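Colleague: Quick note, the sequence shown lines up with residues 2 to 721 if you use this note's numbering.
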Amino acid sequence: MGTTFGRGAMTTNLIDIQHSDVIMATSNMAENHPVGFQWVMKAKERGAKLIHVDPRFTRTSAVADVHVPLRSGTNIAFFGGLINYAIQKNLYFKDYVVHYTNASFLIDPAFKTPTDLNGLFTGLEQTGKGGPDPHVAERYNQGSWKYQLDAEGNPKRDLTLRDPNSVFQLLRRHYSRYTPEMVERVCGIPKQKFVEAAQLFCGTSGPEKTGSITYALNLTQHTNGVQNIRALCMLQLLLGNIGRPGGGVVALRGHANVQGATDLAVLYQDLPGYMAMPLRDKHPSFKAYLETETPKSGFWVNKPKFFVSLLKAWYGDAGTKDNDFGYDWLPKRASADAYSHQHIFVDMYKGKIKGFLLIGQNPAVGGPNAKLARAALGKLDWLVVKDIFLTEAAEFWKAPASPPHREAADPKSIKTEVFFLPAAPAAEKDGSLTNTMRLIQWHEKAVDPPGDVRSDAEFVYQIGKRLKKLYAGSKAKRDQGILALTWEYGDKEPDMLQVLKEMNGFALKDITDKDGKVVYKKGDPLSTFVHLTDDGATCSGIWIYTGVTVNDAEGKLVNRANLRKKADEKDYLAHGWGFAWPANRRILYNRSAADPSGKPWSEKKKLIWWDAEAPGASPDKKGKWVGMDVPDFNAFLAPEAKGGDNAYIMRADGKGAFFGPLADGPFPEHYEPIESPTKNLLSKQQNNPVAKIWQVPDHRNDLAGVGSPDYPYVITTYRL
């Protein structure tokens with residue numbers, strides 16, 4: 002979603018599904034996400050149709066109007082078939098596509114698609130022994146994966162969409178192979194069934210109708226998971242289903258705080274708020290980081306303000322302009338290093354990792370190649386497991402046999418010293434969860450945790466305090482980042498509201514407007530990330546959360562994550578319930594809910610629109626975007642102004658991306674999964690050519706050949 006739209010987040014609100022005309026569910030939403038599924042049933046009460054795309058027939062299938070069973074691992078072939086169907090049948094929303102996507106942009110003529118190169122994109126080359134990742138044998142040289150630029154450096158466009166080098170024509174050509182007949186052969190979906198689903202869902206294109214697509218781990222837990230999501234996102238762009246009531250991509254997460262975890266940088270390549278983690282070679286200095294990571298256009302031009310405010314949240318008074326706000330204290334990884342789940346356990350098995358903190362995760366059963374994970378845990382010097390009960394990972398050293406796949410663990414041969422620390426569940430601690438629709442909701446402690454049970458926050462907080470005490474007085478350069486940390490949130494258990502205020506951001510000194518009027522007193526929480534600065538006057542632990550805490554008229558702190566005003570006729574999106582980042586917007590990219598002139602596409606599907614007579618940005622001006630949601634762009638930018646039709650502000654070009662370069666291609670292409678028992682029927686390229694094939698000693702990750710009689714079945718994962 003980040004590549005296509007600009008943010009890696011669900012585009013809409015679960016409540017809004019009730020306004021969908023067609024919902025395409027790709028997982029067992031009825032059983033796995035029943036609270037969200039109520040809005041699917043509300044939509045059906047209004048006459049909406051439900052398409053269920055799933056290899057299994059489940060309770061979601063039972064209430065669906067159309068069940069589409071497909072072979073596991075062929076989702077891109079299915080979505081590609083829908084894209085081709087929409088283009089061939091002229092069912093795409095042309096005005097939306099022309100104005101709000103990069104379909105009209107012209108691409109370097111040297112670029113070729115897999116249609117031309119039998120399953121490959123232009124630029125595939127061997128990495129050699131000196132490649133950046135030893136687990137990747139080939140990579141793409143993306144030199145031709147770029148826009149044609151005019152003399153001023155702007156992308157060239159063809160608004161007729163006829164130029165053969167336009168993104169739209171390349172998209173058409175790329176998916177021309179994805180015919181209903183091909184979908185039948187590859188996916189196993191009867192042609193008639195596919196056409197039925199295609200007619201129904203592609204019928205949501207245009208001003209009067211919208212459709213939504215839901216996905217969960219069923220699409221992400223694949224070797225091509227990113228491109229699975231890209232494909233459905235592109236379909237939604239083609240139909241004009243993003244940013245509009247009843248449209249969108251609905252990400253159904255694996256637990257209640259997946260979004261919050263990624264927001265706060267559980268991904269190794271990110272800092273909080275989706276800023277890049279510095280690299281030693283690419284970002285040797287503060288100046289180099291900002292110059293490299295700050296684009297010339299789009300909302301990310303404000304990155305210096307967000308980044309400096311993050312450093313001030315971490316280092317406080319110790320981070321000054323003279324020392325680049327503490328940039329040198331940030332840990333920086335080498336470009337060739339990576340710390341994904343797979344990287345960690347391969348390196349652990351090789352003996353590179355000596356100790357491991359395992360908090361709220363169970364890799365002995367919860368990741369790929371569980372046998373490797375268990376073996377790797379046995380190579381550690383020490384392991385600390387913090388969880389609410391003894392997990393398989395905590396007891397891997399005495400695991401019983403599981404014939405014929407696993408022998409019993411031999412404790413005598415395992416050197417790892419294991420410590421188990423009982424953790425408090427949500428009911429025994431204060432804090433917040435950020436759910437699938439970017440909604441931050443506060444929960445308060447109901448009871449004290451029993452005995453010696455501690456919260457995760459207390460555990461991390463106390464480790465930090467002890468490290469600061471341990472390093473006190475140290476002159477070693479490596480210790481200064483720990484010593485400089487602002488780390489005063491209470492005595493034993495940290496005050497989580499104080500932590501939330503720091504995440505939100507506040508003024509570090511009195512801040513005045515251009516007329517000298519005090520806007521924020523020192524210590525006041527900031528109400529919007531627009532007020533963050535790059536001069537050290539503000540701090541914010543995660544800029545996208547700014548606004549979750551504010552002061553009321555009496556100067557009292559208000560925790561908006563704890564608000565509980567239900568939806569009503571005047572506010573069906575429930576802006577008074579919790580706080581949705583960014584800026585309490587409930588539907589992202591909502592500029593595209595109106596046509597280029599600022600008028601709603603239709604009265605039935607209106608959300609926000611331009612009111613030329615509304616009070617403007619200053620008393621002497623008029624014009625403002627108004628409606629039922631917070632505008633996802635400058636609320637005072639007129640439709641006819643430069644950039645006034647840029648609905649995707651987090652992308653540098655302001656447009657939704659059909660053409661979006663990723664490591665394995667700018668368009669999703671169907672390849673068979675690495676473990677597939679069948680040959681690729683679309684092209685001669687069996688697997689993703691740049692897929693990571695993990696090289697692990699002792700044959701710990703050897704793969705069977707295609708069609709191996711030892712592995713005749715494809716299994717799917719599911720949960721209850």
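Cβ coordinates follow ideal geometry from the N, Cα and C atoms, glycine included.
All values reported here derive from a predicted model rather than from experimental measurement.
Let's see if you can read the secondary structure: which residues bound the alpha helix (DSSP H) around Asn552?
Modeller: Counting along the chain, Asn552 falls outside any alpha helix (DSSP H), though it belongs to the beta strand (DSSP E) covering 550-552.
Colleague: Let me confirm a value: Pro404 is counted as buried when at least 16 other C-beta atoms fall within 10 Å, else exposed. Which label applies?
Modeller: So Pro404 ends up on the exposed side.
Colleague: By a C-beta neighbour count over all protein chains shown, 10 Å radius and 16 as the cutoff for buried, is Gly131 buried or exposed?
Modeller: At Gly131 the pLDDT is 48, less than 50, meaning the model places this residue with poor confidence and gives no usable figure here.
Colleague: With respect to the alpha helix (DSSP H) encompassing Ala664, which residues constitute its N-terminal and C-terminal limits?
Modeller: Looking at the DSSP string, Ala664 is not in any alpha helix (DSSP H), and its letter there is neither H nor E.
Colleague: Please return the same chain residues whose Cβ sits closer than 6 Å to the Cβ of Asn331, not counting the five positions on each side in sequence.
Modeller: In the sequence as displayed, the identity of residue 331 is Leu instead of Asn. The answer, listed in chain order, is Pro279.
Colleague: Would you mind reading off the limits of the beta strand (DSSP E) that contains Gln442?
Modeller: Here the beta strand (DSSP E) through Gln442 covers 440-444.
Colleague: How many angstroms separate the CA atom of Asp1 from the CA atom of Leu218?
Modeller: Summary: the structure shown does not reach residue 1, with the chain confined to residues 2 through 721, and so no result is reported for it.
Colleague: Classify Lys515 as helix, strand or coil using the three-state DSSP reduction.
Modeller: If DSSP states are grouped into helix, strand and coil, Lys515 belongs with coil.
Colleague: Tell me which residue opens and which closes the alpha helix (DSSP H) that Ala642 is part of.
Modeller: No alpha helix (DSSP H) contains Ala642, which DSSP labels as neither H nor E.
Colleague: Restricting to runs no shorter than 3 residues, where is the beta strand (DSSP E) found entirely within the stretch 342-389?
Modeller: With a minimum length of 3 residues, the continuous beta strand (DSSP E) runs that stay inside the stretch 342-389 are 356-360, 383-388.
Colleague: Considering only DSSP beta bridges, list what Gly212 is partnered with.
Modeller: Looking at the DSSP assignment, Gly212 forms a beta bridge with Val23.
Colleague: Buried or exposed, going by whether 16 or more other CB atoms sit within 10 Å of the CB of Pro426?
Modeller: Answer is exposed; the Cβ neighbour count stays below 16.
Colleague: Which residues share a DSSP beta bridge with Asn229?
Modeller: None; Asn229 has no bridge partner.
Colleague: Suppose the cutoff is 7 Å on Cβ atoms and the five residues either side in sequence are ignored; what does the same chain contact list for His576 look like?
Modeller: Contacts found: Asn585, Arg587.
Colleague: Can you name the start and end residues of the beta strand (DSSP E) that Gln193 belongs to?
Modeller: Looking at the DSSP string, Gln193 is not in any beta strand (DSSP E); the run it does join, the alpha helix (DSSP H), is 192-203.
Colleague: Leaving out the 5 sequence neighbours to the left and right, which residues in its chain are closer than 7 Å to Ala394 when beta-carbon positions are compared?
Modeller: Here the set comprises Leu359, Asn363, Pro364, Ala365, Leu378, Val386.
Colleague: Given this structure, state the Cα-to-Cα distance separating Lys355 from Trp383, to the nearest angstrom.
Modeller: Cα to Cα, the separation comes out at about 7 Å.
Colleague: Quick one: what's got a C-beta closer than 6 Å to Phe106's C-beta in the same chain, skipping five residues either side?
Modeller: If we look at Phe106 and ignore the five residues flanking it on each side, its Cβ neighbours are Tyr148, Pro156, Arg158, Val168.
Colleague: Here's the rule: buried if 16 or more other CB atoms are within 10 angstroms of the residue's CB, otherwise exposed. What is Lys493?
Modeller: Per the 10 Å Cβ criterion, exposed.
Colleague: Going by the beta-carbon positions, is the gap between Trp488 and Lys470 smaller than 8 Å?
Modeller: In this structure, Lys470 does not lie closer than 8 Å to Trp488 by Cβ.
Colleague: What does the alpha-carbon distance come out to for the pair Thr293 and Phe659?
Modeller: For Thr293 and Phe659, the distance between alpha carbons rounds to 24 Å.
Colleague: Would you check if the stretch 615-629 and the stretch 561-569 touch, i.e. whether three or more CB-CB distances between them fall below 8 Å?
Modeller: Taking 8 Å as the limit for Cβ pairs, the verdict is that the stretch 615-629 does not touch the stretch 561-569.
Colleague: Reducing DSSP to helix, strand and coil, say where Asp699 ends up.
Modeller: If DSSP states are grouped into helix, strand and coil, Asp699 belongs with the helices.
Colleague: Over the uninterrupted alpha helix (DSSP H) stretch that includes Gly432, give me the two end residues.
Modeller: Element bounds for Gly432: not the alpha helix (DSSP H) but the beta strand (DSSP E), 432-435.
Colleague: Do the stretch 58-65 and the stretch 171-190 touch if we need at least three Cβ pairs shorter than 8 Å?
Modeller: With the cut-off at 8 Å, the stretch 58-65 and the stretch 171-190 do not touch.
Colleague: Out of Thr4, Ala87, Asp596, Gln143, which has the shortest C-alpha to C-alpha gap to Val691?
Modeller: If we check each option's Cα against that of Val691, Gln143 comes out closest.
Colleague: Which same chain residues end up closer than 6 Å to Val519 when comparing Cβ atoms and leaving out the 5 residues on each side of it in sequence?
Modeller: Taken in chain order, the residues that qualify are Asp511, Thr513.
Colleague: Quick check on this structure: which residue in Phe346, Ile389, Glu126 has the alpha carbon closest to the alpha carbon of Gly452?
Modeller: When only C-alpha atoms are compared, the closest one is Ile389.
Colleague: Measure the C-alpha to C-alpha separation of Pro674 and Gly432 and round it to an integer number of angstroms.
Modeller: Straight-line Cα distance between these residues: approximately 40 Å.
Colleague: My output table needs one value for Gly131: the three-state DSSP class, helix, strand or coil.
Modeller: Summary for Gly131: the model assigns pLDDT 48, below 50, so the residue's position carries little reliability; its value from the coordinates is reported in the next sentence. It is coil, neither helix nor strand.
Colleague: Rounding to the nearest angstrom, what Cα-Cα distance links Gly624 and Ser310 in this structure?
Modeller: Answer to the nearest angstrom: the Cα atoms are 32 Å apart.
Colleague: Among residues of its own chain, excluding the 5 on either side of Ala49, which ones have a beta-carbon nearer than 7 Å to its beta-carbon?
Modeller: Here the set comprises Ser21, Asp22, Val23, Ile24.
Colleague: Near Ser684, which residues of its chain fall below 7 Å by C-beta distance, leaving aside the five closest residues on each side in sequence?
Modeller: Excluding sequence neighbours, Ser684 sits near Pro115, Asn119, Gly120.
Colleague: Since Ile609 and Gly7 should fall inside the 8 Å C-beta cutoff, what is the C-beta to C-beta distance between them, to a whole number of angstroms?
Modeller: Contact flag wrong, Cβ pair sits at about 18 Å.
Colleague: What distance in whole Å lies between the Cβ atoms of Ala428 and Val448, which are believed to be in contact at a cut-off of 8 Å?
Modeller: Yes, Val448 and Ala428 are in contact; Cβ-Cβ is about 7 Å, under 8 Å.
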